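In our numbering, the protein residues as written are 5 to 298.
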């Protein structure tokens, strides 16, 4: 029989949710409304004069080839970060779950990257990939004869920011996958092993389906992370270069708004970016979640 909590007063439930509603209103709904309003205006760089232009900022935006290119860059970057981050963290979680001796040490080392700030992550990887003094660039050149230069080669630049973003997020994914693996009853794995199922078969038919809620949650989180939280990594490594080849949507908002002084255009970009992320999240919950078994 379903049990429901009943309050004697109609005011008390609203008081309990009031702090959360206030936080959402102040830090999300109000800035979103301000961005939507500003996207339909043209301002000078100091915000002293304002002119209402309606949808002209959006029309200019979608006629800009540089902005349309950033869509493709963002799609490639986000897909690589989400897929590689989830796949690698799942593999590490499986290995860590099987470790018997020194398990605490391995798990601690895998969690450490999450404590590193995004800008520090960017600086760390740009030093390692530096064509002149980078350890990884030196190893690629002297071991494989591969000349690395992310300052001129867009493929190298994209590889570097994807690597840095995945490394930063992999600890977060690892924690959830490890917790999910440890929550699976060992009796199911043992019964499958007794029936003759090999490790890969046991993972694919038992463990992975039971991890589907965790995988779906991390897919949503990683997509949002790739769209928004990787700004500091890109700013510290490539600055959107070479050219515009690593300027994802959130970084182009910064370039046009803070560097270019186009406040109305950057607000329009913020609105479009917000709508894209909301649409992706809705599609994931509507279609991908159907394959999730809770």
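Beta carbons are placed, not taken as given, at the ideal position from N, Cα and C, and that holds for glycine. Bear in mind that the values here come from a model prediction, so they are computed numbers and not experimental data.
Rounding to the nearest angstrom, what Cα-Cα distance links residue i and residue j in this structure?
i, j, result
"residue 105", "residue 205", "25 Å"
"residue 132", "residue 96", "23 Å"
"residue 127", "residue 107", "30 Å"
"residue 41", "residue 63", "16 Å"
"residue 119", "residue 222", "18 Å"
"residue 98", "residue 12", "49 Å"
"residue 101", "residue 84", "25 Å"
"residue 261", "residue 275", "13 Å"
"residue 90", "residue 28", "29 Å"
"residue 86", "residue 92", "10 Å"
"residue 198", "residue 281", "45 Å"
"residue 243", "residue 251", "7 Å"
"residue 211", "residue 130", "37 Å"
"residue 75", "residue 177", "26 Å"
"residue 57", "residue 283", "26 Å"
"residue 109", "residue 179", "14 Å"
"residue 113", "residue 88", "19 Å"
Smallest Cα separation from residue i: which of the options?
i, options, result
"residue 77", "54, 166, 26", "166"
"residue 264", "10, 47, 37, 18", "47"
"residue 246", "65, 154, 207, 290", "154"
"residue 122", "289, 75, 109, 241", "241"
"residue 43", "170, 67, 60", "60"
"residue 193", "249, 209, 94, 14", "209"
"residue 236", "65, 125, 179", "125"
"residue 66", "181, 273, 189, 190", "273"
"residue 79", "249, 190, 45", "249"
"residue 39", "283, 279, 290, 291", "279"
If you drop the 5 nearest sequence neighbours on each side, which residues of the same chain put their C-beta closer than 6 Å to that of residue i?
i, result
"residue 201", "none"
"residue 111", "100"
"residue 277", "253"
Between which residues of its own chain and residue i is the CB-CB distance below 8 Å, once the five residues before and five after are set aside?
i, result
"residue 116", "175"
"residue 207", "98"
"residue 137", "131"
Enumerate in chain order the residues of its own chain whose CB-to-CB distance from residue i is below 7 Å, with the five nearest sequence positions on each side excluded.
i, result
"residue 82", "227, 230, 231"
"residue 224", "285, 288"
"residue 152", "133, 135, 141, 144, 145, 160"
contact_flag[the region 221-233, the region 22-33] where n(CB pairs < 8 Å) is 3 or more: Not touching, per the Cβ criterion.
Check whether the region 215-228 touches the region 132-143, taking contact to mean three or more Cβ pairs, one atom from each stretch, closer than 8 Å. Remark: fewer than three beta-carbon pairs, one from each stretch, lie closer than 8 Å, so the region 215-228 and the region 132-143 are not flagged as touching.
Using a Cβ distance threshold of 8 Å, determine whether the region 153-160 contacts the region 168-185, with at least three qualifying pairs required. Segments in contact, no.
Three Cβ pairs or more, each shorter than 8 Å: is that satisfied between the region 27-38 and the region 209-218? In short, these stretches do not touch, since the Cβ pair count stays below three.
List in chain order: all unbroken beta strand (DSSP E) runs of 3+ residues lying wholly within the region 191-241. Listed in chain order, nothing qualifies, since the region 191-241 has no complete beta strand (DSSP E) run of 3 or more residues.
Under 8 Å: do the region 65-73 and the region 262-277 share three or more Cβ pairs, one atom per stretch? Between the region 65-73 and the region 262-277 there are three or more C-beta pairs closer than 8 Å, enough to call the two in contact.
Within 8 Å, do at least three Cβ pairs link the region 256-267 to the region 166-178? Per the Cβ contact rule, the region 166-178 is not in contact with the region 256-267 (fewer than 3 Cβ pairs under 8 Å).
4 or more residues per run - each alpha helix (DSSP H) lying fully within the region 57-88: The qualifying runs are 60-66.
Curious, which full-length alpha helix (DSSP H) runs of at least 4 residues does the region 91-130 contain? As far as the region 91-130 is concerned, its whole alpha helix (DSSP H) runs of at least 4 residues are 107-115.
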